[in-house]
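In the working numbering, the protein residues as written are 74 to 899. Where is the CB? At the ideal position from N, CA and C, for every residue including glycine. For clarity, every value in this text was computed on a predicted model and none was experimentally measured. Just below is one structure, and these are the notes that go with it.
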DNA sequence: GTTGACGTCTTACC
DNA sequence: ACGGGTAAGACGTCAAC
């Protein structure tokens with residue numbers, strides 16, 4: 074018998090003699106690579122009709138035990154059937170646990186179970202790795218003591234161990250969890266990036282590949298002989314380049330191979346080139362090539378390597394961080410700037426045939442630094458990846474790529490057992506179609522503000538508003554009772570013209586969510602005294618993101634636990650709660666001036682901050698369940714403006730300044746990337762001056778300066794570029810807007826255009842006959858003067874006119890050079 | 001043919 | 001391919017002139 078410590082990293086499975094085996098790659102405490110082979114029970118659930126008698130169940134059991142199948146050349150049969158008392162959607166059910174030989178046959182067995190006594194078949198659509206983790210509880214990225222049999226050139230499992238590039242291969246007998254924190258795990262990471270002449274997969278050649286690991290930096294290339302740049306390793310050809318890359322990957326043998334957009338570009342590109350030369354990209358630990366899976370509609374696919382986790386950082390950052398980021402795009406450069414304070418090396422892309430002598434070193438340096446950035450970003454995000462994996466309990470490969478709704482779902486799936494729940498099935502194509510037909514339901518409440526410049530403002534907001542609403546009112550698929558008053562105790566709310574009822578007896582989904590919210594609260598509290606604890610910070614963040622995604626999950630048509638009514642009720646309960654708080658605030662002598670979804674802004678009306686904080690405490694003591702208000706802050710001044718039409722106050726658009734002079738701007742053009750920089754800076758400065766000074770005098774002078782500069786053509790083109798993202802394939806646009814025209818121009822130039830590309834253009838002077846904006850669009854490097862009229866009337870003026878309107882200043886007249894009647898008139 | 005009103009499409013944000 | 005609410009620009013369409 075062999076013993077080892079073990080941390081599971083990658084999960085994969087294989088079939089041997091008709092059975093499924095899990096193959097888990099990880100490390101031991103001495104950082105040796107270990108592969109564990111294990112198996113687990115394979116089964117599905119058949120939920121029985123309530124009315125069926127014990128005798129009949131016994132008969133049914135015997136009938137099912139006789140099922141034998143011959144599918145896809147595989148002999149398989151039901152091995153055993155047990156009867157269990159389980160829960161399904163929080164209701165007690167009798168269910169048959171039907172054991173089979175092979176996980177892949179469960180579907181076919183389920184098809185054979187169309188008996189009238191069986192009302193539902195469940196639990197055969199989870200994926201074997203997920204099923205294994207649930208069944209055995211050998212959780213990813215946790216430490217274990219393993220006992221097993223060392224496989225050394227064994228013929229067992231078809232001699233699998235001899236083909237595996239690992240230090241030990243063990244057939245597991247038993248394992249025991251080691252307490253948290255006893256061992257650390259520092260993964261071996263290799264970041265890579267490749268450069269080429271063409272951006273289209275299958276065109277052009279790979280010119281260089283950079284590799285960065287712990288104490289290792291290298292650029293491989295067959296180009297240029299001038300190599301002042303010390304990290305360059307010269308090879309003779311593209312073939313040798315690819316082969317050398319493979320050699321280094323094998324030699325370094327990382328736990329994680331890290332790229333940035335490598336699912337969509339680097340690896341597919343490399344594959345296409347390798348195929349051309351008939352090179353096998355055999356970097357998997359079992360000698361296999363990367364597996365390329367197709368992406369969903371519009372999405373890119375994923376690339377999986379046996380035993381090595383390929384992480385495309387772009388995907389992980391996108392799902393977990395993008396909504397909290399300042400960067401306008403997820404381009405490596407911007408992401409690196411925001412998270413590392415570092416950026417790409419300057420190098421303007423050129424076809425390799427046009428690069429001369431000393432420019433090559435710049436190119437190598439550029440290429441190498443991209444890998445450095447990817448490596449450092451991985452280090453930065455490792456605590457998050459680790460904690461997400463531990464909290465959700467799915468293999469880290471999936472965690473690095475799944476969206477938040479999948480994460481929520483996986484979290485549920487891995488916690489069902491605590492509730493004795495049978496998993497719900499994934500909706501099929503038709504089911505999704507049905508769900509989508511329902512259309513939207515009523516959402517949040519937004520208070521219509523009265524435009525103006527205000528003083529002394531306080532803001533309260535609900536902590537995890539929708540999450541705590543779901544918990545407080547027990548809102549979920551399994552607790553929904555319909556829209557007729559039930560006999561049992563219930564929570565009810567009216568929305569969309571009908572009343573929805575939910576059971577008061579706790580459902581598993583709200584219970585799980587409650588647990589997350591409470592844990593997060595605990596971690597957040599602990600963080601106050603140990604701010605640098607990256608792991609706790611990451612775990613707290615993982616809980617926060619899961620909580621925030623829970624509401625969206627229940628309203629998402631693709632979810633196993635989709636419940637439109639629960640989502641609608643969540644919005645409705647939250648709406649009721651916030652309206653009640655607004656009333657309380659006003660009753661107390663404050664004045665509410667704005668509110669949106671989960672936050673309320675009100676005037677302090679001469680009361681002290683202390684009084685306000687005590688009032689908050691009192692409010693909290695009256696709130697139901699785990700609903701909780703917190704103080705967002707006190708603000709010296711704030712402004713709300715009118716809509717363009719000028720009649721009412723604009724919602725979701727305001728600016729605040731706190732006692733330390735810190736600005737908080739929401740919804741204004743300043744924060745929108747589809748406005749040119751000039752307009753955004755202008756607006757930002759105008760807002761700042763007005764909020765700081767409490768009047769418009771300086772701001773107005775500044776505005777006049779800008780007008781003068783535009784008219785004198787003194788503005789740099791850079792400041793006038795408008796950036797808009799392509800949201801769909803270019804030929805699907807019904808309305809041909811300016812950015813579509815710009816995208817078409819880029820296409821003609823063979824620039825890489827895709828869904829998601831950020832299109833940049835400016836509006837130029839053209840002949841009088843061209844009226845539409847799209848007829849004046851030019852790409853940033855095209856010749857032409859900027860269109861003074863357009864930038865004045867469509868960028869500069871709209872950015873500030875509503876703001877100056879607060880002071881009865883008509884900017885339109887100002888711009889036309891007319892005398893300001895309004896100013897003098899008042 | 002041009003103009004303006006109004007609806008639709010689209011993006012980006014809360 | 002997580003939700004709804006909202007602002008706003010530019011195009012598209014149609015009727016009035």
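Short of 6 Å in beta carbon distance, which residues of its chain neighbour residue 268, apart from the five on each side in sequence? Order them along the chain. 280, 281 and 440
Pull up the CB-CB distance for residue 196 and residue 121, whole angstroms please, since I reckon it's below 8 Å. Incorrect: roughly 14 Å between the Cβ atoms, too far for contact.
Let's see if you can read the secondary structure: which residues bound the beta strand (DSSP E) around residue 165? 164 to 173
For my contact list, residue 494 and residue 160 are in at a C-beta cut-off of 8 Å; report their separation, rounded to the angstrom. 5 Å
Can you give me the Cβ contacts of residue 638 inside the same chain, cut-off strictly under 6 Å, excluding the 5 residues immediately before and after it? 553 and 573
Tell me, which residues are paired with residue 92 by DSSP? 89
Thinking C-alpha only, which one of 611, 426 and 162 is nearest residue 277? 426
DSSP bridge partner residues for residue 685 (one or two, in chain order): DSSP, once it has assigned bridges, lists no residue as partnering residue 685.
Can we say the stretch 305 to 318 touches the stretch 227 to 246, given the rule of at least three CB pairs closer than 8 Å? no
Quick one: using the 10 Å Cβ neighbour count with 16 as the cut-off for buried, is residue 291 buried or exposed? buried
Whole-angstrom distance between residue 787 and residue 270, CA atom to CA atom: 37 Å
Taking the alpha-carbon positions, what's the residue 423 to residue 838 distance? 30 Å
At what residue ranges does the stretch 737 to 770 contain a whole run of the beta strand (DSSP E), taking only runs of 3 or more? none
What does the Cβ neighbour count give for residue 253, buried or exposed, with the cut at 16 atoms within 10 Å? exposed
Considering residue 118, what are the terminal residues of the beta strand (DSSP E) in which it resides? 116 to 121
I need the boundaries of the alpha helix (DSSP H) containing residue 184, first residue and last residue. 179 to 184
Count the CB pairs spanning the stretch 564 to 571 and the stretch 595 to 604 that are closer than 8 Å, and state whether there are at least three. no
Ignoring anything shorter than 3 residues or poking outside the stretch 360 to 422, list the beta strand (DSSP E) runs there in chain order. 364 to 366, 375 to 377 and 382 to 385
Cβ-based burial, residue 898 [other Cβ within 10 Å; buried from 16]: Note that residue 898 scores 34 on pLDDT, short of 50, meaning its location in the model is unreliable and no value can be drawn from it.
CA-to-CA distance, residue 377 to residue 363, given in whole angstroms: 5 Å
Got a sec? Which residues, its chain only, sit under 6 Å from residue 516 by beta carbon, not counting five neighbours each side? 644
Short check: CB of residue 216 to CB of residue 80, under 9 Å? yes
Taking all protein chains shown into account, decide if residue 127 is buried (16 or more other Cβ within 10 angstroms of its Cβ) or exposed. exposed
Cβ-based neighbour list, residue 894, same chain, cut-off 6 Å, excluding 5 preceding and 5 following: Below a pLDDT of 50, predicted positions are generally treated as unreliable, and residue 894, at 42, falls in that range; no measurement from the model is reported.
Could you check how far apart the C-beta atoms of residue 385 and residue 329 are, in whole angstroms? I think they sit under 8 Å. Not quite, the Cβ-Cβ distance comes to about 11 Å (not below 8 Å), so this is no contact.
Taking the alpha carbon of residue 703 as the point to measure from, which residue in 726, 674 and 390 has its own alpha carbon closest? 674
If you measure between the beta carbons of residue 444 and residue 285, is that distance less than 9 Å? yes
Residue 545 - containing alpha helix (DSSP H), residue span: 538 to 545
Using beta-carbon positions only, say whether residue 208 and residue 93 come within less than 9 Å of one another. no
Applying the 10 Å Cβ sphere with the 16-neighbour rule, what's the burial state of residue 812? buried
Backbone secondary structure at residue 63 - three-state DSSP: As displayed, the chain neither begins before 74 nor continues past 899, which places residue 63 out of reach and without an answer.
Return the residue from the list 549, 856, 829 and 221 that minimises the CA-CA distance to residue 835. 856
Between the stretch 708 to 724 and the stretch 680 to 694, can you find at least three pairs of beta-carbon atoms closer than 8 Å? no
Residue 134 versus residue 496: straight-line alpha-carbon distance, rounded: 21 Å
Take the Cβ of residue 892 as the centre, count every other Cβ of all protein chains shown within 10 Å, and call the residue buried at 16 or more, exposed below. Caution applies to residue 892, whose pLDDT of 44 falls short of 50 and renders its modelled position unreliable; the value that the coordinates give is listed next. It is exposed - the Cβ of residue 892 has fewer than 16 other Cβ atoms within 10 Å.
What does DSSP give as the partner residue(s) for residue 81 in the beta ladder? 99
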